[in-house]
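Residue 232 in my numbering sits at position 181 of the sequence shown, with consecutive numbering throughout. Ideal Cβ positions, reconstructed from N, Cα and C, are used throughout, including at glycine. Structure first, commentary second.
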Amino acid sequence: MAESTAFPPFSPAVTQAAVQAASTAYPADYLIEHMLKLSHYLIDLANHSMLFGPAGSDPYSPSLHTLLLRLLNKQLAPSRLPTGFLTPEHTTAQVRLRSDKEAADRPLADYEDLYYALMSRMQEMYQLLKLRIQSGFNMASHAVCEDGPSLAELHASLAQYWTVFNDAACGRALDNAVREARVQAIREEVVRQVEIDNMTVEDAQEQLEQLYSADVYNGIVGLHFVQDWAPAMVGAYLEHKYRGMLDLEKKDAAARARTQRRLAKMNSVKESLAAAAAAADDKLRVQRHIAQAVKKTASTRRDSRHDNLSPTVLQETTTTTTTTLSQSSHHANLPNLHCSPESHVQLHPGTQHEAHAAALSSPQPDMQRERAYQEHLHTLVEWQMKTQRVSEYSSYLRARASHGAQHVVEGTRRTTESVAASDSADLLAPDVALDLDLHLGEDMEF
């Protein structure tokens, strides 16, 4: 209990009368610098220590953390117009607007709510430190956090800051800044009413003259003296002041999130469709390339077969035909002799060549046609071989007949000496020649 005396209470809260009676005021940049420094220090301390409960990080709750972020993000506070002037349009405008200055360069009036949050947080931390020491949970020498100050050092630091912000000169500077900002907001609203023809120029001039009179100006609310308020009361005041604006910002954020999700989904669908279309195009391109390659290969094979096979077949056919015609011509010039009928086979080389050429020139898109072509070629070769054998046998028969006819003629010449026998032989020759011609005609028709 003795250590509790190491944590004396903060100095009493400054009164409004003391502020109004103060003859000096702190510079605005001095107060802004210390408020920013103290805010960062307290937020960082709460993030690293569990002595003061969880740090408030809800962006839609007017905590010390939220108010500091709004200043850093160039967001504006709720409108300073009196309640009678406020409309939903004013709240919406404040949500959409942004300051054109950085946090350190903004007017001192913009730090009004941060000042309230700082004073409330310092009182709350002092009460928690005092409670822990009195209950025996901690001692003054205990560290607030790892590598942090002790509880006694933290209390001393908070007491120094409290003395600065609770000074009448600080209150006077903030009170004047807030009151001037409220007057400026009313003046801008009067001008806007004139621009939209809701107020005449004469009425506007009269309103502005009254606004800057001593009675009206002093009656405008400036700084709220919350130094003697409980921390919960300060939190309730800030919650009431910011509730409309934060709710609207929350709705806007939800709408933007839905829009972003919708756009992301649409982009994902578009990318999927584009990828599918590209894949289909690639597949079609590959199929066309394969089809062209197969067609080109088949055409090359047909041309190669035609070049390799056609001359051979034509040469064999021509050779066979020439041989047959030569043999026929040779036997036609032999001595005429009547002999028995012979069987002769007639070869039609022109017809076979036309059929073969038609088979070669016709398209063969698959293996069945190629197989049919091979069968046709095999049949043609067999037919040529049979024709050649028939031709050879016919030549053999003609040779035998010619040899026998020579013996007959020689015997006839030795035994016959008369002219009648010679005339009879002359009369017989045309008949034999005619008979041979008839047999050759039958062979050609076969």
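What first and last residue would you give for the alpha helix (DSSP H) that runs through residue i?
i	result
Thr117	115-123
Pro59	Note, Pro59: premise wrong, no alpha helix (DSSP H); not H, not E.
Asn98	79-99
Gln278	First-last for Gln278: undefined, no H or E at that position.
Leu26	Any question about residue 26 goes unanswered here, given that the chain covers just 52 to 497.
Asp164	163-186
Val262	A small fix is needed here, since residue 262 is Leu in this sequence, not Val. Per DSSP, Leu262 belongs to the alpha helix (DSSP H) from 252-262.
Asn189	Where Asn189 is concerned, there is no enclosing alpha helix (DSSP H), given that its DSSP letter is neither H nor E.
Gly135	Element bounds for Gly135: n/a, residue is neither H nor E.
Val546	Because the chain is modelled from 52 through 497, residue 546 falls outside the range shown and cannot be assessed.
Val70	67-72
In terms of DSSP beta bridges, what is residue i paired with?
i	result
Ala194	Ser201
Glu149	Per the sequence shown, the amino acid found at residue 149 is Arg instead of Glu. Paired residue(s): Gln126.
Below 8 Å on the Cβ atoms is my guess for residue i versus residue j; work out the distance and round it to an integer in Å.
i	j	result
Tyr77	Cys221	5 Å
Ala79	Ala228	7 Å
Tyr166	Phe103	In fact, because the Cβ distance is near 20 Å, the residues do not count as touching under 8 Å.
Leu132	His141	6 Å
Lys302	Tyr111	Lys302 to Tyr111, Cβ: 10 Å. No contact.
Gly286	Ser108	Contact flag wrong, Cβ pair sits at about 15 Å.
Ala232	Ala160	4 Å
Ile94	Leu119	7 Å
Val242	Val252	Not a contact, Cβ separation roughly 10 Å.
Gly199	Leu96	7 Å
Gln145	Leu127	5 Å
Leu299	Thr143	7 Å
Ala168	Phe61	Incorrect: roughly 16 Å between the Cβ atoms, too far for contact.
Ala219	Ser130	Incorrect: roughly 29 Å between the Cβ atoms, too far for contact.
Leu202	Val234	The Cβ separation is near 44 Å, so there is no contact.
Phe58	His291	Wrong, their Cβ atoms sit about 32 Å apart, outside the cutoff.
Arg309	Ile271	So it is not a contact: roughly 42 Å between Cβ atoms.
Glu175	Pro282	4 Å
Label residue i either buried or exposed according to how many other C-beta atoms from any shown protein chain fall within 10 Å of its C-beta, with 16 as the threshold for buried.
i	result
Tyr293	buried
Glu426	exposed
Pro113	buried
Gly455	exposed
Gln343	exposed
Glu443	exposed
Gly260	Contrary to the premise, residue 260 reads as Glu rather than Gly in this sequence. Looking at its Cβ environment, which holds fewer than 16 other Cβ atoms inside 10 Å, Glu260 is exposed.
Val70	buried
Trp434	exposed
Glu163	buried
His429	exposed
Met173	buried
Thr348	exposed
Glu240	buried
Ala224	buried
Ser192	exposed
Arg440	exposed
His99	exposed
Asp151	exposed
Thr117	buried
Thr438	buried
Ser264	exposed
Met296	buried
Asp156	exposed
Return yes when at least one heavy atom of the ligand PLP lies under 7 Å from the C-beta of residue i, else no.
i	result
Ala315	Although the ligand PLP was asked about, the structure shown includes no ligands whatsoever.
Evaluate the contact criterion for the region 304-319 versus the region 84-91: three or more CB pairs, one atom per stretch, below 8 Å.
-> They do not touch, by the three-pair rule.
Check whether the region 252-269 touches the region 174-183, counting contact only when three or more Cβ pairs, one atom from each stretch, lie closer than 8 Å.
-> Counting Cβ pairs under 8 Å, fewer than three are found: no touch.
Does the region 273-284 touch the region 59-68, meaning 3 or more C-beta pairs lie closer than 8 Å?
-> By the criterion of at least three beta-carbon pairs nearer than 8 Å, the region 59-68 is in contact with the region 273-284.
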